[in-house]
């Protein structure tokens, strides 16, 4: 009954039509609502939702390492192909200024190899820079980052407490900190105008 609001058609349609990806994590693992089926992702609990929406920094490092490995392999393959082509041409040109043509091709191969290496290094540097920016951005937006700064994620009987959530005296709430969870009872609810105070 507490979760019935998430079975309402107006709520389900709002979740389905939302342009922002929505993770449904209402109730507990055994609770299922219509909103679960129209959301972009369903998590069994709010804690699981936080883990699913945070991209691992280790995954970024693995992605970067894999990218560098593929670039090195491509560079080696290109150099080996050019070397094989040069050797093949060298055999064909034995009777037509073979030595001079081979020297020319070697110089061209060295030049192409240097250009390819410089290009690969610039590409790796650019991708690493973009990945660093992406990683720092995700880290700053991560719920875990907020929790590490001393903030807490507050969950009530109907899910995560936000600015529009209704909280009454006597309600049981659960606080998710970075290293522990705390259950509390609301003794008093006071309205505040902190947003306008900060703006002033």
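Numbering (my numbering), first residue to last: 4 to 203.
All residues carry an ideal CB built from backbone N, CA and C; glycine is no exception.
Computed from a predicted structure; not experimentally measured.
Query                                                                                                                  : Result
Spatial neighbours of residue 150 in its chain, beta-carbon cut-off 6 Å, leaving aside the 5 residues before and after : 181
Residue burial classification, residue 45 (beta-carbon count within 10 angstroms, cutoff 16)                           : buried
Validate contact between the segment 167-177 and the segment 134-147 using beta carbons, cut 8 Å, 3 pairs              : no
N- and C-terminal bounds of the beta strand (DSSP E) containing residue 179                                            : 175-179
Supposed contact pair residue 112 and residue 89 - C-beta distance, whole angstroms, cut 8 Å                           : 6 Å
Proximity to residue 195 [Cα-Cα], best of 178, 167, 179                                                                : 167
Per DSSP, the bridge partner or partners of residue 162                                                                : 159
Integer Cβ distance of residue 141 from residue 49, believed to fall under 8 Å                                         : With 8 Å as the limit, residue 141 and residue 49 do not qualify as a contact, their Cβ atoms being about 19 Å apart.
Local conformation of residue 188 per DSSP, three classes                                                              : strand
Sufficient close CB pairs (3 or more, under 8 Å) joining the segment 35-42 to the segment 8-21                         : yes
Bridge-paired residues (DSSP) for residue 27                                                                           : 45
Reference residue 1; option with closest CA among 82, 121, 13, 134                                                     : As displayed, the chain neither begins before 4 nor continues past 203, which places residue 1 out of reach and without an answer.
Counted within 10 angstroms of its Cβ, other Cβ atoms place residue 17 as buried (16 or more) or exposed               : exposed
Nonlocal neighbours in the same chain, by C-beta distance under 8 Å from residue 6, ignoring five residues either side : 29, 30, 34, 36, 161
Nearest-angstrom Cβ-Cβ length linking residue 71 and residue 127, presumed shorter than 8 Å                            : 6 Å
Residue from 118, 69, 25, 73 whose Cα sits closest to the Cα of residue 53                                             : 25
Residue from 152, 137, 179, 165 whose Cα sits closest to the Cα of residue 60                                          : 137
Helix, strand or coil at residue 172 [DSSP, three-state]                                                               : coil
Opening and closing residue of the alpha helix (DSSP H) in which residue 34 lies                                       : First-last for residue 34: undefined, no H or E at that position.
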